[in-house]
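Written below as structure tokens is the structure these notes are about.
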Amino acid sequence: MSPPRNPALPAFATPRRALFGGLAALPFLPRAARAAGWSPSKPVTLLVPFAVGGTTDVMARLIAQPMAKHFGQPVVVENVTGAGGNIGAGRAARAAPDGHTVFLAHVGVFSINQHLYRNIPFETARDFVPVGLVATNPMLLVVSTASGIDSLDKLKARARQGDLRIATSGTGTTLHIAALQFLSAVGGRADLIPYRGGGPATNDLMAGNVDMLVDQALTSIPTAQSGKAKALCVTGPARLAALPDVPTTAELGLAGFDIEIWNGLVLPARTPPAIVAAHEAALAAALDDANVRARFAESAARAPEGEERSARHLGQLIARDAERWGRLLREAGVEREG
């Protein structure tokens with residue numbers, strides 16, 4: 018049985034009702050709520066929907082230590098994996114709304130999975146309240162040197178001829194979404210070759226068995242530096258320190274190809290505003306931590322600044338991407354499973 022809706026919140030029928038659970042105004046909570054001074058009475062569990070060692074897990078462990086220092090209680094990372102992140106999100110949705118369980122959401126889990134699976138154990142807008150954005154990670158478009166493609170113009174020409182093989186890591190993954198977005202932006206066609214993960218896809222790219230791959234910058238930078246692949250553009254708002262000569266899609270005039278992978282903190286719905294505000298403050302402390310910022314920079318992640326840190330911004334981001342990627346998947350004829 019689904020948990021009851023919070024009677025204090027409006028119901029949202031679709032993700033187009035953008036303010037995610039009615040709580041986008043959290044940065045403007047009454048002073049009394051912020052002054053309540055909630056703090057955890059026991060260790061806080063930070064749930065991660067993916068395996069140990071992945072980008073999301075590393076990010077969770079980075080912010081856990083400064084959050085623990087802020088709270089005066091341990092913040093324990095727990096990995097609850099399976100079903101593309103749905104199992105971990107379902108566990109977080111059922112957690113007590115007492116501030117002692119927080120979830121590190123991912124664009125795939127919150128904005129894409131609802132378009133891939135018929136039955137998932139949570140509804141983003143109903144079951145969660147946003148705390149704030151943790152980081153965004155741009156993607157890197159790389160081509161195999163064996164393909165003979167050495168410029169964006171040549172790549173677009175191949176795509177428009179339908180003479181292109183693009184590696185993905187399966188239907189609905191961020192690699193698949195990025196490939197679809199590229200083809201939509203340039204008006205092209207391609208054979209999308211699914212692999213069991215980004216690693217095998219990258220190996221085949223460098224071997225010349227596929228022509229193109231769009232993956233997170235963190236994992237694609239070594240590929241671009243290998244001599245067996247060439248980076249043509251980065252999908253984020255700025256060039257990468259590790260690849261300063263690679264332009265952004267905006268610089269190249271490639272409108273509509275601006276995908277970034279994001280992670281954000283959320284709490285179970287019905288969490289009292291004072292507790293949400295306390296987590297917001299703990300996240301801000303983590304994002305201001307010198308070690309966190311240095312490690313983010315090393316991994317090509319971008320920490321949010323200003324209004325980007327607000328719960329309002331995260332709520333809008335979740336809703337925007339749910340609509341955006343849902344439309345892209347429908348246009349590609351991708352149907353829900355289960």
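Position in the sequence shown counted from 1, then plus 17, gives you the working numbering.
Ideal placement from N, C-alpha and C gives every residue a C-beta, glycine not left out.
Computed from a predicted model, the values in this text were never measured in an experiment.
Checklist entry - Pairing CB atoms from the region 230-247 with CB atoms from the region 134-150, are three or more of them under 8 Å? => result no
Checklist entry - Roughly how many angstroms separate the alpha carbons of G359 and H117, rounded to a whole number? => result Since the first residue shown for the chain is 18 and the last is 355, residue 359 is missing from the structure and cannot be characterised.
Checklist entry - Considering only the beta carbon of each residue, do A81 and V94 sit closer than 8 Å? => result Numbered from its first residue, the sequence shown carries residue 81 at position 64. Numbered from its first residue, the sequence shown carries residue 94 at position 77. Their beta carbons are under 8 Å apart, which means A81 touches V94 by this criterion.
Next on the checklist: Restricting to runs no shorter than 3 residues, where is the beta strand (DSSP E) found entirely within the region 225-280?
Outcome noted: 229-233 and 246-251
Checklist entry - Which whole-angstrom value is the C-beta distance of A259 and A317, which I expect to be below 8 Å? => result Sequence index remark: in the sequence shown, residue 259 carries index 242 (1-based). Sequence index remark: in the sequence shown, residue 317 carries index 300 (1-based). Indeed, because the Cβ distance is near 7 Å, the residues count as touching under 8 Å.
Next on the checklist: Suppose contacts are defined by Cβ-Cβ distances below 8 Å. Is A272 in contact with L230 by that definition?
Outcome noted: Locating residue 272 in the sequence shown gives position 255, counting from the first residue. Locating residue 230 in the sequence shown gives position 213, counting from the first residue. Result no, Cβ atoms of A272 and L230 do not sit closer than 8 Å.
Item to check | Nearest neighbour of D115, chosen from L249, A291, L346 and I210 [CA to CA] | outcome: Taking the sequence shown and counting its residues from 1, one reaches residue 115 at position 98. Comparing Cα positions, the closest option is A291.
Checklist entry - Just checking my contact of F120 with N96 at CB under 8 Å: how many whole Å lie between their CB atoms? => result Taking the sequence shown and counting its residues from 1, the one referred to as residue 120 is at position 103. Taking the sequence shown and counting its residues from 1, the one referred to as residue 96 is at position 79. Their Cβ separation, rounded to whole angstroms, is 12 Å, which puts F120 and N96 out of contact at 8 Å.
Next on the checklist: Please tell me whether L200 and L269 are closer than 8 Å, where the distance is taken between their beta carbons.
Outcome noted: Locating residue 200 in the sequence shown gives position 183, counting from the first residue. Locating residue 269 in the sequence shown gives position 252, counting from the first residue. No, Cβ-Cβ distance for L200 and L269 is not below 8 Å.
Next on the checklist: Please report the distance separating the alpha-carbon of V293 from that of F313.
Outcome noted: For the purposes of this step, residue 293 is taken as the residue at position 276 of the sequence shown. For the purposes of this step, residue 313 is taken as the residue at position 296 of the sequence shown. Their backbone Cα atoms lie some 24 Å apart in a straight line.
Item to check | Beta-carbon spacing of I276, A195 below 8 Å | outcome: For this step, residue 276 is matched to residue 259 along the sequence shown. For this step, residue 195 is matched to residue 178 along the sequence shown. In this structure, A195 lies closer than 8 Å to I276 by Cβ.
Next on the checklist: If we require 3 or more residues per run, which beta strand (DSSP E) segments fall completely within the region 99-160?
Outcome noted: 118-123
Next on the checklist: I'd like the list of long-range same chain contacts for L235, defined as Cβ closer than 8 Å, with 5 residues on each side in sequence excluded.
Outcome noted: Sequence index remark: in the sequence shown, residue 235 carries index 218 (1-based). These residues qualify, in order along the chain: T72, N154, S316, A317 and A318.
Next on the checklist: Considering only DSSP beta bridges, list what A184 is partnered with.
Outcome noted: Sequence index remark: in the sequence shown, residue 184 carries index 167 (1-based). According to DSSP, which records beta bridges pairwise, A184 is partnered with I210.
Checklist entry - Which residue or residues does DSSP assign as beta-bridge partners of N96? => result Mapped onto the sequence shown, residue 96 falls at position 79. DSSP, once it has assigned bridges, lists V65 as partnering N96.
Next on the checklist: Do R182 and R353 count as a contact pair if the criterion is CB distance below 8 Å?
Outcome noted: Locating residue 353 in the sequence shown gives position 336, counting from the first residue. Locating residue 182 in the sequence shown gives position 165, counting from the first residue. Not in contact: R353 and R182 (Cβ atoms no closer than 8 Å).
Next on the checklist: Can you look up V283 in the DSSP assignment and give me helix, strand or coil?
Outcome noted: Working through the sequence shown from its first residue, we reach residue 283 at position 266. Looking at V283 - three-state DSSP - the assignment turns out to be strand.
Checklist entry - Rounded C-beta distance between V351 and T188? I'm assuming under 8 Å. => result Working through the sequence shown from its first residue, we reach residue 351 at position 334. Working through the sequence shown from its first residue, we reach residue 188 at position 171. Indeed they touch by this definition, with Cβ atoms about 6 Å apart.
Checklist entry - Does the beta carbon of K173 fall short of 7 Å from some heavy atom of the ligand FMN? => result By its list of ligands, the structure shown contains no ligand whatsoever, and the ligand FMN lies outside what it can speak to.
Next on the checklist: Looking at the strands, I want to know which residues DSSP matches up with E354.
Outcome noted: Counted from its first residue, the sequence shown places residue 354 at position 337. BP columns for E354 point to Y134.
Item to check | Selected residue, minimal CA-CA separation from A142, among L334, L346, A349 and A267 | outcome: On the sequence shown, residue 142 is found 125 positions in, with the first residue counted as 1. With distances taken between Cα atoms, A142 lies closest to L334.
Next on the checklist: I need the DSSP call for L40, collapsed to helix, strand or coil.
Outcome noted: Position 23 of the sequence shown, counting from 1, holds the residue named residue 40. Reliability fails at L40, whose pLDDT of 38 lies under 50, so the model's placement of it is uncertain and no value is given.
Checklist entry - Given M84, which residues of its chain have a CB within under 6 Å of its CB, disregarding the five upstream and five downstream residues? => result Start at 1 with the first residue of the sequence shown, and residue 84 comes out as number 67. Cβ within range, chain order: V92, A299 and A303.
Checklist entry - Relative to the alpha-carbon of N226, which residue among V160, V203 and W279 has its alpha-carbon at the smallest distance? => result As a position in the sequence shown, residue 226 is number 209, starting the count at 1. That would be V160, whose Cα lies nearest to the Cα of N226.
Next on the checklist: Does P254 pass the burial test, meaning 16 or more other C-beta atoms within 10 Å, or should it be called exposed?
Outcome noted: The count along the sequence shown starts at 1 and reaches residue 254 at position 237. Exposed: under 16 other Cβ atoms inside 10 Å.
Next on the checklist: Using only CA atoms, which one of A77, V65, A176 and G89 lies nearest to K59?
Outcome noted: As a first step, residue 59 is located in the sequence shown; it is residue number 42 there, counting from the start. The shortest C-alpha separation from K59 is found at G89.
Item to check | Contact set for R78: own chain, Cβ-Cβ below 8 Å, skip 5 residues either direction | outcome: Position 61 of the sequence shown holds residue 78. Result list for R78: V94, in chain order.
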